[in-house]
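Residue numbers (our numbering): 46 to 475. Each residue gets a CB set at the ideal place from its N, CA and C atoms; glycine is no exception. As the structure is a computational prediction, the values presented were derived from the model and not from experiment. Notes for the one structure printed next.
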Ligand SMILES: [Zn+2]
């Protein structure tokens with residue numbers, strides 16, 4: 046989708062070139078996208094152009110200069126972010142296509158995202174990620190297995206707690222979606238097409254990834270992106286490359302341990318925890334929460350309650366401009382025989398720490414090098430988990446402060462609190 050007037054980019058485009066031709070570090074956004082597609086073997090491109098579209102056609106031609114086949118659809122009148130999809134089917138040869146926007150820079154392992162889309166048998170898959178300002182962003186609300194349940198637009202009044210999950214503007218789609226777009230009609234992709242499909246129960250999924258996807262629709266964002274491209278930060282997040290993570294325990298590490306936490310009003314951040322996560326977010330390490338929550342197996346609450354507690358945690362962190370790249374929790378407990386227990390969760394499992402199922406699942410999902418990662422927590426269980434997984438280990442002296450006495454283990458690092466731990470662990474990294 047290479048239309049759009051780019052009013053907010055006028056200082057760069059002078060209204061003489063269309064928005065996707067705005068240079069980022071000396072090269073048009075659209076050309077950067079094309080290079081990225083060609084590197085990944087995606088060679089067939091359809092450019093949907095509008096305002097000043099002839100400039101795009103002059104530059105890219107039939108695509109042969111870029112090693113691509115490029116064809117064009119011209120919008121005579123603006124059709125919004127999805128109206129042109131009605132004209133796409135005659136140009137599609139396969140069952141699946143990527144939908145990209147001309148003001149979004151990305152460095153993404155697209156094959157990985159397409160495999161997710163195919164496994165889910167989705168009609169559309171949205172690339173989603175947490176961001177540093179969820180309070181004024183449009184949010185995607187997911188149910189089980191990453192299925193999109195609804196969109197929470199920023200024009201709504203957002204009350205209560207919410208998960209920090211934002212649509213980044215990059216899609217894999219089944220060609221069948223085009224038949225849901227009326228001809229010659231202005232259609233908004235998220236507010237009309239996708240919202241309508243979700244309401245009618247269509248299989249729309251969210252692909253969560255820490256990879257670099259950035260809307261560069263303002264001059265300020267272009268300048269930030271230039272720095273992120275040139276420093277290698279954007280490329281380093283591509284999941285083809287090995288990632289590093291900090292695996293954070295929850296109760297007693299990120300939030301205050303007040304006995305068991307099974308209602309959201311019991312959750313309160315440890316002092317300095319948001320600042321510590323900010324250091325992780327800026328370091329290039331992924332911030333991944335891994336927590337045992339036997340409160341579900343004990344019958345104190347349901348998985349939905351744990352989800353709500355995590356929504357509160359994400360809301361509080363989001364207000365501070367920081368985020369967790371993912372959250373894993375184990376709802377199980379192995380010992381049966383308590384009166385209130387929930388027998389479905391009273392099972393031995395691979396995810397309960399110090400077993401390493403959660404760390405292994407995160408490593409598989411995000412291509413994490415465990416030996417270059419850290420496990421941080423307030424108990425010997427956390428330290429034993431890190432040792433079992435082959436990560437570095439750090440004990441914080443908040444919460445149980447290592448006095449749980451379950452395992453006879455030595456952490457590599459002991460720190461008064463999470464912020465001190467993180468500053469010591471990540472010293473010298475970006
Ligand atoms: Zn488990």
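With H, G and I counted as helix, E and B as strand and the rest as coil, what does DSSP make of residue i?
| i | result |
| --- | --- |
| residue 118 | strand |
| residue 187 | strand |
| residue 195 | strand |
| residue 344 | coil |
| residue 329 | coil |
| residue 393 | coil |
| residue 166 | coil |
| residue 430 | helix |
| residue 481 | Missing from the structure shown is residue 481; the chain here goes from 46 to 475 and no further. |
| residue 358 | helix |
| residue 314 | strand |
| residue 181 | helix |
| residue 453 | coil |
| residue 308 | coil |
| residue 78 | helix |
| residue 364 | helix |
| residue 228 | coil |
| residue 383 | coil |
| residue 52 | helix |
| residue 406 | helix |
| residue 110 | helix |
| residue 425 | helix |
| residue 350 | helix |
In the DSSP assignment, find the beta strand (DSSP E) that holds residue i and state where it starts and stops.
| i | result |
| --- | --- |
| residue 259 | 257-260 |
| residue 253 | 249-253 |
| residue 291 | 290-293 |
| residue 91 | 89-94 |
| residue 460 | 458-460 |
| residue 152 | 149-152 |
Is the distance from the Cβ of residue i to the Cβ of residue j below 9 Å?
| i | j | result |
| --- | --- | --- |
| residue 162 | residue 255 | no |
| residue 294 | residue 334 | yes |
| residue 362 | residue 257 | no |
| residue 251 | residue 159 | no |
| residue 146 | residue 241 | no |
| residue 91 | residue 82 | no |
| residue 482 | residue 430 | Lying outside 46 to 475, the shown extent of the chain, residue 482 is not represented and no answer is given. |
| residue 96 | residue 73 | no |
| residue 407 | residue 373 | yes |
| residue 196 | residue 243 | yes |
| residue 377 | residue 388 | no |
| residue 165 | residue 248 | yes |
| residue 278 | residue 216 | no |
| residue 7 | residue 358 | Shown here, the chain extends from 46 to 475; a query on residue 7 therefore has no answer. |
| residue 351 | residue 367 | no |
| residue 318 | residue 300 | yes |
| residue 309 | residue 354 | yes |
| residue 344 | residue 375 | no |
| residue 444 | residue 424 | yes |
| residue 38 | residue 46 | Residue coverage of the chain in this structure runs from 46 to 475, which leaves residue 38 outside it and unanswerable. |
| residue 142 | residue 218 | yes |
| residue 130 | residue 239 | no |
| residue 268 | residue 210 | no |
| residue 118 | residue 87 | no |
| residue 464 | residue 324 | yes |
| residue 426 | residue 462 | no |
| residue 282 | residue 152 | yes |
| residue 177 | residue 59 | no |
For residue i, which residues does DSSP report across the bridge?
| i | result |
| --- | --- |
| residue 174 | 211 |
| residue 377 | In DSSP, residue 377 forms no bridge with anything. |
| residue 321 | None; residue 321 has no bridge partner. |
| residue 441 | 460 |
| residue 419 | 291, 437 |
| residue 69 | 72 |
| residue 57 | Answer by DSSP bridge pairing: none, since residue 57 is not bridged. |
| residue 336 | 374 |
| residue 413 | 288 |
| residue 300 | 296, 314 |
What are the boundary residues of the alpha helix (DSSP H) that includes residue i?
| i | result |
| --- | --- |
| residue 468 | 463-470 |
| residue 474 | No alpha helix (DSSP H) holds residue 474; DSSP gives it neither H nor E. |
| residue 145 | Here residue 145 belongs to no alpha helix (DSSP H); instead the beta strand (DSSP E) covers 141-145. |
| residue 269 | 264-275 |
| residue 278 | 278-281 |
| residue 102 | 98-105 |
| residue 237 | Counting along the chain, residue 237 falls outside any alpha helix (DSSP H), and DSSP gives it neither H nor E. |
| message | Which residues end up in the neighbourhood of ligand 1 when you take C-beta atoms closer than 6 Å to any of its heavy atoms? | response | 375, 377, 394, 396, 397
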